[in-house]
Amino acid sequence: MPQDPLIRRIDRFEAHVASRPGLRLRVACPSQEFSELEMQQGLGRWLSCVRGLWESLGVASRPDLAMLMFQAPPVPASVERYLLALRPAEGRNSVADRLLRHALIGLPDASDRHLSEKLLERPELLDRVGALISRARARGQVVEPLSCYQASTRMDEVAERIGVERGETPSRTLTWGSKAGGRKVFRAGGLAHAPGGYEPVHDMAALARQATELVRVHGTKRWLVKINDGYGSGHGLAAFTPADARYRTVLTALRQLQPLTENISRDRFLESLTAEGAIIEQYLPTPPRGEKRSPSTLLYLHHSADGGFDLQFLGTHEQVLGADLQYLGCRFPASHEYRGTLVDMSLTVGKELGSVGVRGHVGIDFIARKAADGRWDVHAIELNLRQTGTTHPHRTVRALLPGTWPEDGLLTHRGSVVHYTGTDGLISPAYRGLTPDSLIEELRHRPGLAFDATSGRGVVPHFWTALRPYGKIGATFIGTSREECDVLQREFTDLLDGMAGCAPAARG
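Heads up: the sequence shown is residues 1 to 508, going by UniProt numbering.
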């Protein structure tokens, strides 16, 4: 019986790793582990594991790293080669060498299921990778924890099967990333945050009691119901505005609440409320004659040698949100008007989280509001103990630009401040049928648009596997100003339109 080609690919990868004792080994499974209902939101969402290819860029920037990454469906070989060639060759660290140190194990499964589920159905692959890891350790090579998008019981099982610790935060700490848990962290750190509840409730009567107490104190304003866990990108939200602070009035308003995401029905929302719990939180409106923005920050908490933690501040972003508060994209960096406040508040959150055992990526969402007199106030809104929509643009730029990342939320490259924008939402039915191969070929003929390591500017696409079936692609646009990033995005969209022979598409 012929040997499985994926096993043969792992064999070739191990042979190279074994020939170079100085290499360290990383295995990655970038499976988004949200609830099934959350994964149904957004075109091609089940393919979002392909955003994890930002880690492949680490093989190009770190000549001591060998990485095996699982994907499903398979990523075209042209994409792998394209990404590994984005950084110029340096000595032995050539594109050919990077390809030897990088193994994409593509499962031939495009079904609407988590990558982790598909992988757990292939025990022979997990056993083979486990044997690879065991032999690497026996040779004295460093084996890193399993790299993943977020923690889950499935990711725990994958890590256990191959014999490594799992990256990102331990499952026991995930409660701090829920809506209620995040609010408790903000309260413990003394940070400004919207009025609301701190304990999730699982039925409408209890929700009405929580809401009534809050309305009596804070008034009959607009309030949000937030599903406590299992959602991302602003999908687990509903709104209500009670006419007065009586319990029956509040209960009536709650019974009429509608989810902010159109394709989540009220019944499905209430099912999630029962299963996951929910909290009440006051909606923070735009001040009269003022302005409101939605910045966010990224942190990373490392295990330290003494058993504690080291806190790394990664960066600040302005999030681009839709009318229903769904995440659409991001801009780096956040405004100088409140960036320092974001950094200070984030470091406080990071210390609180580190003290309870949280490790790995942390995303913090804020609301920044400018009053008519020009003063800004900043409120912490939510915590994400995982990678977020801003992680892959940020990590992409961090891997490609060997600049200086001070803990003030900025990046400088060759003396200039770097800006970038990221989106997953360049979508048009006319793009269906376009292939990653054809897009890469077009970019090769557009040196002013494709990313150039010398200038440190250009476009880096992602979400590759959604292009052909769904007409959807994402990208990070890197420049020296917000305006330059906008120009790059327009030029990239025009390129896609030209390839598809269509009128300009909506820009996400």
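Beta carbons are placed, not taken as given, at the ideal position from N, Cα and C, and that holds for glycine.
- Judged by DSSP in its simplified three-state form, GLU121 adopts coil rather than helix or strand.
- When the five nearest sequence neighbours on each side are left out, the beta carbons in the same chain lying within less than 6 Å of the beta carbon of ARG395 are those of TRP54, in order along the chain.
- Just so you know, the alpha carbons of ARG444 and THR493 end up roughly 16 Å apart.
- According to the DSSP assignment, GLY425 belongs to the beta strand (DSSP E) that extends over 419-427.
- Taken through DSSP and simplified to helix, strand or coil, ALA192 comes out as coil.
- Here DSSP, grouped into helix, strand and coil, assigns GLY167 to coil.
- One alpha carbon belongs to ALA372, the other to SER416, and they sit about 33 Å apart.
- The C-alpha of TRP376 is placed about 45 Å away from the C-alpha of VAL158.
- Contact holds between the segment 267-274 and the segment 226-246, because three or more Cβ pairs, one in each stretch, are under 8 Å apart.
- Taking PRO21 as the centre and dropping the five residues before and after it, the same chain places the C-beta of ARG139, GLY140, GLN141 closer than 8 Å to its C-beta, in chain order.
- The Cβ atoms of PRO436 and LEU400 lie no closer than 8 Å to each other.
- DSSP places GLY409 outside both helix and strand once states are collapsed to three, so it counts as coil.
- Inclusion of LEU342 and GLY409 in the CB contact set at 8 Å is warranted, their separation being smaller than that value.
- A Cβ-Cβ distance of about 5 Å is found for the pair ALA278 and VAL225, placing them in contact under the 8 Å criterion.
- For ASP344, the enclosing alpha helix (DSSP H) starts and ends at 339-355.
- In the structure shown, CYS49 falls within a helical segment according to DSSP collapsed to helix, strand and coil.
- Spatial neighbours of ASP156 in its own chain (CB-CB distance under 8 Å, excluding positions within 5 residues in sequence) are listed in chain order as ARG166, SER171.
- Distances from the alpha-carbon of LEU132 to those of THR297, PHE13, GLY403, GLU262 put PHE13 closest.
- Taking a 10 Å sphere around the C-beta of GLN258, we find fewer than 16 other C-beta atoms and assign the residue as exposed.
- In the three-state reduction of the DSSP assignment, ALA500 falls in the helix class, which pools H, G and I.
- In the structure shown, ARG216 adopts helical secondary structure according to DSSP, grouped into three states.
- When C-alpha distances from SER438 are compared across PRO73, ALA77, ARG62, GLY58, the shortest belongs to ALA77.
- Ranked by Cα distance from PRO108, the options GLY474, GLU382, PRO5, VAL397 are led by PRO5.
- Sorting GLY350, LEU254, GLU281 by C-alpha distance to the C-alpha of LEU299 places GLY350 at the top.
- Put simply, of GLY308, HIS317, LEU385 the residue whose alpha carbon is nearest the alpha carbon of SER294 is HIS317.
- Collapsing the DSSP output to three states places PHE477 in a strand.
- The three-state reading of DSSP puts PRO74 in coil, since its state is none of H, G, I, E or B.
- Given a length threshold of 3 residues, each whole run of the beta strand (DSSP E) inside the segment 87-164 is given here in chain order: 102-106.
- Between ALA380 and ALA192, the C-beta gap is smaller than 8 Å, which places the two residues in contact.
- Nearest C-alpha to PRO406 among LEU314, ASN384, PRO447, THR465: LEU314.
- With fewer than 16 other Cβ atoms inside 10 Å of its own Cβ, ALA15 counts as exposed.
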